[in-house]
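Letter 259 of the sequence shown, counting from 1, is numbered 258 in numbering that gives the first Met the number 0, and no numbers are missing.
Note that the Cβ used here is the ideal one computed from N, Cα and C, for glycine as well.
Everything below concerns the one structure shown next.
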Amino acid sequence: MLMGKSSVFKHPGVKAFFLYFVASQINDPLSVNFGGVPVTPLQIAILAGVAMNIKYWSPFVYKKLSLFYLFLLVIVFYTLVKLLSEGEMNLYFLTFTFNLLWVTTVSSSIVKIPIRKADYILILQRLILLLIPSVLFGMYELVTNKYAFPEGLGGAMKQGIDEGNFYVRGGFRDKFDFSSFIVLAPIIYLSCYFNDIKFSLLYKLIAFISVILLLSSYSSSVIIAFGVVVIYCFVFIANLRKSLGLVAFAVILIIGSLTYITQSNIYKTQMNAYNLKYQRQVEDKDESSFRWVAFNVGMEHFLDRPFLGFGLDNSKKVIFKYAPTISPKPTNSHNYFVNNLVDFGLLGFSILTGALVSLFLFYRKIRKWRSLIKPMADLVTLLLIFNVITFQTYYHTFDRSMYFILIFLIFLYFSLKLNDESAGMRTQDLSGGRRNPGVEVGSGA
């Protein structure tokens, strides 16, 4: 059964996705602890989404998702080891479990109840509108030079504050999380713009402000990744007319943004912080980049325990132990590969990497249907490029909302093919076994 235009936002999978999307933006400031047990908006959104879609749940909506379940077992094993050996309870296994349950349940719903082709653009437009809270929080910080949430309900936001340094972070504890979330607005806009999808002024304004805010976050990882995404658009997606229009707009945006940002207090504090950070030397090495030093230290000591690694979240401690002058506190290498190798060794690293590669190959296969709905195909491609770049320049455990939003969008695109096939089957039935060329596939006709 296809969901009609009037009912697309009543689709249980779409509703669960939007709820998850909004909760991700307010999760950090509204999270609280009850007796040491965290209670967060994202947990509530996940449980609500699972409840709405549980009857459609297929744990292996795509068979190679089994590797993610195997990685979950790895996380549980290392969590128990850490608890027994160090007396520390790491909640990575819990957050990963919640997100994996959510994405498999909601994706199963999307696959089993396909959406009309025309409604995919409506969903993308709604996503841009749902970024308004983050845009407003970020604008407040940019204008006032004050954090929108200095502490948050449970005090978690305070942990993300770097004394003597200020950056725009919106409703997130970390500037990387904030900027890698609002980057969705310009990426969605680009994927539609180059495919002649018209957006009203409001959507353009949200995308425009989002670019200014991600620049003001000073998250170099996100800025670099977004730059690569824009270059990819020019080289592989754009036509000459579209390119010229975007170049003119980009020049105005860059000049205006740089003029404003370089005169702001944020810029001055950031430059002072960077000068302090990059003037540090590590041991006797003449290194100016703490990331490069952390990377080298991590790779060197990965070889000490290559198969099982040093244990969950211990990569930061290893790097700090052998390169203590990089930072006054434990840090990471800002690289997905190094941190996972040091934490989990080849065992856990190969499982998670295998899961990600299998997901990429799955998308590469379904991307052959790009002609069905190009904006969706280009959006997922751009987000994959974005995440591949940030994997090289930053590190988070694989339980961040952005990763599971990307997985969901892959299955949302996959459902379009099923939609197309079901439309073809109905057409065959109506035409006595022959395809009726007069019926548009995927239209729900």
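Alpha carbon of residue i to alpha carbon of residue j, nearest angstrom
i	j	result
Gln278	Ile196	Residue confidence is low: Gln278 scores 49 on pLDDT, short of 50, so the model does not pin down where it sits. Its coordinate-derived value is still stated next. Cα-Cα distance, rounded: 48 Å.
Phe177	Lys116	31 Å
Phe76	Phe67	14 Å
Ala293	Ile112	47 Å
Ala44	Leu381	26 Å
Leu64	Thr352	12 Å
Glu282	Lys174	Residue placement at Glu282 cannot be trusted, given a pLDDT of 45 that sits under 50; what the coordinates show is reported in the next sentence. Between Glu282 and Lys174, the C-alpha separation is close to 29 Å.
Ser6	Ser133	27 Å
Ala47	Phe193	36 Å
Phe198	Leu183	15 Å
Leu302	Ala322	16 Å
Leu93	Pro11	24 Å
Ser219	Thr96	30 Å
Ala147	His395	23 Å
Gln391	Met401	16 Å
Gly226	Ile384	11 Å
Pro58	Met88	27 Å
Lys14	Lys320	46 Å
Phe403	Leu189	21 Å
Lys203	Arg304	50 Å
Asn164	Ile114	46 Å
Leu355	Tyr412	17 Å
Met495	Gly34	What the structure shows of the chain is the stretch from 0 to 444, and residue 495 is not part of that stretch, so it cannot be assessed.
Gln124	Ile406	19 Å
Start-to-end residues for the beta strand (DSSP E) that takes in residue i
i	result
Val36	36 to 38
Asn32	31 to 33
Residue i vs residue j beta-carbon contact at 7 Å
i	j	result
Ser483	Phe410	A question about residue 483 goes unanswered here, because the residues of the chain that appear run from 0 up to 444.
Ser314	Asn338	yes
Ser215	Leu311	no
Ile318	Gly344	no
Asp398	Asn144	no
Asp27	Phe171	yes
Ile388	Ala206	no
Leu340	Phe306	no
Ser450	Ile109	This structure gives no information on residue 450, because the portion of the chain shown stretches from 0 to 444.
Cys232	Pro374	no
Phe136	Gly86	no
Ala22	Pro37	no
Ser349	Gly153	no
Leu201	Ile181	no
Leu129	Phe20	yes
Asn52	Thr103	no
Leu360	Val379	no
Ile208	Ile127	no
Tyr217	Tyr166	yes
N-terminal and C-terminal residue of the alpha helix (DSSP H) that residue i is part of
i	result
Val110	91 to 111
Ser216	Neither: Ser216 is in no alpha helix (DSSP H) and is coded neither H nor E.
Val80	65 to 85
Asp312	No alpha helix (DSSP H) contains Asp312, which DSSP labels as neither H nor E.
Tyr446	Past the edges of the chain, shown from 0 to 444, lies residue 446, and the structure says nothing about it.
Gly137	131 to 143
Ala184	183 to 192
Leu121	118 to 128
Cutoff 7 Å: residue i Cβ touching any chain B Cβ
i	result
Asn144	Judged by its chain identifiers, the structure shown contains no chain B, having just a single protein chain.
(message) Threshold first: 4 residues or longer. Then list the alpha helix (DSSP H) segments lying entirely within the segment 323 to 411, N to C.
(response) 335 to 365, 373 to 392
(message) Is it the case that the segment 73 to 91 contacts the segment 359 to 369, given that we only count it when at least three CB pairs across the two stretches are under 8 Å?
(response) no
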